[in-house]
Amino acid sequence: MKVAILAGSNRRESASTKLVRYAGSRLIAWGHDAEVFDLRERVLPLYDPDTDSEPEEAKALAKLVAESDAVVLASPEYHGTISGVLKNALDYLGAEHFDGKAVLSVSAAGGAVGVSSLTHLQAIVRNLHGVNCPDWISVGGDQRRFGPDGSPLDERMRLRVENVLGNFIRLASVLAAANRVRV
């Protein structure tokens with residue numbers, strides 16, 4: 344299974360980015376191909392629908408998502424919604440990149456949990472014709488601490504990530520098989 348992971352934060356020590364890097368390492372340990380596209384490191388210019396030229400990083404993003412069987416979208420929660428950099432990246436993509444693919448939403452918030460950003464992500468995924476994983480991962484407060492190896496320090500959070508990733512991969516496998524036989 345090939346999984347594209349979009350880390351949608353501009354913060355150097357972003358909890359959402361740390362979380363999806365950890366998730367990607369777990370997927371790789373399980374034998375899957377997981378690639379993190381970090382929007383802090385791979386900056387996309389503001390989306391302009393009137394331009395004829397597509398930036399190289401946008402082409403790389405579109406290729407990664409198009410060639411993936413499933414997608415993970417991660418964002419901090421800013422003012423009750425997703426980050427601007429993640430929304431901008433998603434504006435470069437369309438239904439042809441997400442159609443029929445499993446999508447897992449992940450968020451980190453300074454407060455308890457990032458439910459508003461996750462709800463907004465799921466609405467965006469539906470509009471891109473992706474299939475939302477019924478689970479999501481949200482971290483807040485002390486759950487946003489990570490060890491030197493990148494794993495969450497909170498044992499319950501590590502177990503939550505493992506369980507959600509398992510459900511996500513099962514859904515992605517079913518959808519990928521169905522998409523291969525779709526007419």
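The opening residue of the sequence shown carries number 344 in the working numbering; numbering runs sequentially from there. Beta carbons are placed, not taken as given, at the ideal position from N, Cα and C, and that holds for glycine. Since the model is a prediction, treat every value here as computed from it, not as a measurement.
Within 10 Å of its beta-carbon, does residue i have 16 or more other beta-carbons around it, so buried, or fewer, so exposed?
{"i": "lysine 406", "result": "exposed"}
{"i": "valine 517", "result": "exposed"}
{"i": "arginine 513", "result": "exposed"}
{"i": "leucine 389", "result": "exposed"}
{"i": "alanine 520", "result": "exposed"}
{"i": "arginine 488", "result": "exposed"}
{"i": "valine 386", "result": "exposed"}
{"i": "valine 524", "result": "exposed"}
{"i": "glycine 509", "result": "exposed"}
{"i": "arginine 364", "result": "buried"}
{"i": "glycine 493", "result": "exposed"}
Would you list the residues sitting across from residue i in a DSSP beta bridge?
{"i": "glutamate 378", "result": "Ala347"}
{"i": "isoleucine 480", "result": "Val449"}
{"i": "leucine 370", "result": "In DSSP, leucine 370 forms no bridge with anything."}
{"i": "leucine 502", "result": "Answer is none; leucine 502 lacks a bridge partner."}
{"i": "proline 495", "result": "Phe489"}
{"i": "asparagine 475", "result": "Val446"}
For residue i and residue j, what's the separation of their Cα atoms in angstroms?
{"i": "glycine 443", "j": "glutamine 486", "result": "32 angstroms"}
{"i": "serine 411", "j": "valine 379", "result": "12 angstroms"}
{"i": "glutamine 465", "j": "glycine 484", "result": "23 angstroms"}
{"i": "glycine 367", "j": "leucine 496", "result": "17 angstroms"}
{"i": "alanine 377", "j": "isoleucine 348", "result": "7 angstroms"}
{"i": "aspartate 434", "j": "asparagine 475", "result": "18 angstroms"}
{"i": "lysine 430", "j": "glycine 351", "result": "8 angstroms"}
{"i": "asparagine 353", "j": "threonine 424", "result": "15 angstroms"}
{"i": "glycine 490", "j": "arginine 369", "result": "15 angstroms"}
{"i": "aspartate 391", "j": "aspartate 381", "result": "21 angstroms"}
{"i": "valine 408", "j": "leucine 471", "result": "12 angstroms"}
{"i": "tyrosine 522", "j": "phenylalanine 441", "result": "Rather than tyrosine, the amino acid found at residue 522 in this sequence is asparagine. Taking the straight line from one Cα to the other gives about 11 angstroms."}
{"i": "phenylalanine 511", "j": "alanine 432", "result": "22 angstroms"}
{"i": "alanine 438", "j": "glutamate 397", "result": "17 angstroms"}
{"i": "serine 450", "j": "serine 460", "result": "7 angstroms"}
query = Between the segment 500-510 and the segment 467-480, do three or more beta carbon pairs fall short of 8 angstroms?
reply = yes
request  = Report yes or no: do three or more beta-carbon pairs, one from the segment 366-375 and one from the segment 392-408, lie closer than 8 angstroms?
outcome  = no
query = With contact counted as at least three CB pairs below 8 angstroms, one residue from each stretch, are the segment 357-372 and the segment 415-422 in contact?
reply = yes
query = Curious, which full-length beta strand (DSSP E) runs of at least 3 residues does the segment 384-472 contain?
reply = 413-419, 445-452
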